[in-house]
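Down below is the structure, laid out as structure tokens.
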Amino acid sequence: MRSWIVVISFVVACDKGKPTEPPTPTPPPGPQPIVTVDAPPATKELATPKSKRGLIVYSIESVQSGQPIKTGPLTLIDPDGTTPVTTTIAGPRDLVVGSQLIAGRRGDDNEPFVIDLRAPAIVAKKSVHEVEFMTPDGKLVSRCAGGISQPFKICVSDGDPQVWRDLFEEAKRGDDDLGVVVAAGRDIVHGSYAQLSKLPAFSIRISDKKRTEYPGLIRKSDGYTIEPAYSPNGTKAVSCEKQLIVTTLDGSAKPQTIKLDAEPTRCECKFSHDDSKLACSILYKAAETGIDSLWLWDLRSNIKTQVTSQIAIGDFVWSPDDTEIAFVGVAEKPDRWVLRTSSLDGKTVKDLVTIEMRPHLIDLAGWTAP
272 MRSWIVVISF
282 VVACDKGKPT
292 EPPTPTPPPG
302 PQPIVTVDAP
312 PATKELATPK
322 SKRGLIVYSI
332 ESVQSGQPIK
342 TGPLTLIDPD
352 GTTPVTTTIA
362 GPRDLVVGSQ
372 LIAGRRGDDN
382 EPFVIDLRAP
392 AIVAKKSVHE
402 VEFMTPDGKL
412 VSRCAGGISQ
422 PFKICVSDGD
432 PQVWRDLFEE
442 AKRGDDDLGV
452 VVAAGRDIVH
462 GSYAQLSKLP
472 AFSIRISDKK
482 RTEYPGLIRK
492 SDGYTIEPAY
502 SPNGTKAVSC
512 EKQLIVTTLD
522 GSAKPQTIKL
532 DAEPTRCECK
542 FSHDDSKLAC
552 SILYKAAETG
562 IDSLWLWDLR
572 SNIKTQVTSQ
582 IAIGDFVWSP
592 DDTEIAFVGV
602 AEKPDRWVLR
612 TSSLDGKTVK
622 DLVTIEMRPH
632 LIDLAGWTAP
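Take any residue in the sequence shown, note its place counting from 1, add 271, and you have its number in the working numbering.
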């Protein structure tokens, strides 16, 4: 879940309209505004929608002062803009989206669940562990144990949420060394320790459980820990401080430094699926106070492209084929948030869902493969 610079909220509205006499032609199908943040009655299973371009996964969060956050149902939408499919999965939290799997927690008891989109219907299956990450080939990754009184343990599943196996376990090092899983890529899991007093960042290969440490990859700046973002292939990492530093994890290339216009107040980066491009949402401290920019860098040619610049940008995700980016931004009409897709040059933009601001958030979770 992103931290927003501005206060955002949605009031959901929908004008369905009624035909008059004589009947007017029915307009072509298009994106429909969300009409409720409550889950529909779980009377039947919903057919899993199919799309040649995959499905964008999101939900609506209701945020009101002094009250717990209320999360609406899991929703899937075709990037071509067909009517969203609102599932019966109520109150999803901590959503993780893979190629054909969606995982998260739901309900008051935070029950872990996994949805397989290859099945004919949308059905949530209970999971033994909370799914924290997924690999591109569909393996589930969880920190299945770890705390002040427990050893740090990572488990993986080949896709069955009831069947897990141990990938890594380490004896307790100290009260301040709580291990975390930070990313998963192709045949690799990345981790680090919360206080960093004993170990650097590390990775574990799933196929043979080989562990590799990366001294110096995690940095501290002004007392804050700078955790890098890892590429889907598990070959690169990027840190965003006063500039972007792209590191090849096996040491086969020198770190690539990308200069920024100014020191950013906030910076979030995500690699494309083939590791060749880097998208970053950046809020600058001085040059663009109050304006979010979404930038794209081609790491091979060093070409820089501004995809968009708006009052605020929320979550963003790459399309499965790396030709588009979906993001939550601000609509041209005041007081509305919009879920959009954009071409990489920012010239072709499509609005999928727009919602008034007060008092909700769009939680964009991911983009599945076709």
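Ideal placement from N, C-alpha and C gives every residue a C-beta, glycine not left out.
- With a 10 Å radius around the Cβ and a threshold of 16 neighbouring Cβ atoms, Arg377 comes out buried.
- The alpha carbon of Asp351 has as its nearest neighbour, out of Thr612, Leu632 and Pro591, the alpha carbon of Thr612.
- Under DSSP, Cys551 forms a beta bridge with Cys540 and Trp566.
- If only complete runs of 3 or more residues are kept, the region 446-517 shows the beta strand (DSSP E) at 450-456, 459-464, 472-476, 482-485, 490-492, 495-497 and 507-511, in order along the chain.
- Taking the Cα positions, Glu440 is about 11 Å away from Arg482.
- The residue from Asp380, Lys397 and Asp379 with its alpha-carbon nearest to that of Asp387 is Lys397.
- By the C-beta density criterion, Pro344 is buried, having at least 16 other C-beta atoms within 10 angstroms.
- Minimum Cα-Cα distance from Leu549 among the listed residues Met628, Asp379, Ala508 and Ser463 corresponds to Ala508.
- In the structure shown, the three-state DSSP call for Glu401 is coil.
- Judged by DSSP in its simplified three-state form, Ile529 adopts strand.
- In the displayed model, Gln577 falls within a strand according to three-state DSSP.
- From the listed residues Ser322, Pro363 and Gly337, the smallest Cα separation to Leu635 is found for Pro363.
- Residue pairing by DSSP leaves Lys321 without any beta bridge partner.
- Counting of Cβ neighbours within 10 angstroms places Thr639 among the buried residues, the total reaching 16 or more.
- Pro641 carries a coil assignment under DSSP once its states are collapsed to helix, strand and coil.
- Look at Ala390 here: in three-state DSSP terms it is coil, with no helix or strand label.
- For Thr612, the enclosing beta strand (DSSP E) starts and ends at Arg607 to Ser614.
- If you look at Ala583, you'll find it isn't in any beta strand (DSSP E); DSSP assigns it neither H nor E.
- Put simply, of Val460, Val394, Lys541 and Pro391 the residue whose alpha carbon is nearest the alpha carbon of Ser413 is Val460.
- If you check the CB distance, Pro486 and Asp546 do not come in under 8 Å.
- Nearest neighbour of Glu403 by Cα position, chosen from Thr625, Ala374 and Asp429, turns out to be Ala374.
- Asp437: member of the beta strand (DSSP E) spanning Arg436 to Glu441, first to last residue.
- Between the C-alpha atoms of Ala524 and Ile574 there is a straight-line separation of about 19 Å.
- Partner residues in the beta bridge of Leu632, as assigned by DSSP, are Glu332.
- Each of Asp592, Arg457 and Phe587 was checked against the Cα of Val599, and the nearest Cα belongs to Phe587.
- Looking at the DSSP output, Lys621 shares a beta bridge with Thr612.
- In the DSSP assignment, Gly375 falls within the unbroken beta strand (DSSP E) covering Leu372 to Arg377.
- Annotated as proximal: Gly617 and Thr579, with beta-carbon spacing under 8 Å.
- Of the residues assessed, Gly522 falls on the exposed side of the cut-off, its CB having fewer than 16 other CB atoms within 10 angstroms.
- By DSSP's assignment, Ala395 forms a beta bridge with Ile386.
- Rounded to whole angstroms, Ala395 and Val385 show a C-alpha spacing of 6 Å.
- Under the DSSP assignment, Ile348 falls in the beta strand (DSSP E) whose first and last residues are Thr346 to Ile348.
- In the structure shown, the three-state DSSP call for Ile360 is coil.
- Note that the C-beta distance between Leu570 and Gln514 is not below 8 Å.
- In this structure, Val356 sits away from Leu366, with a CB-CB distance that is not shorter than 8 Å.
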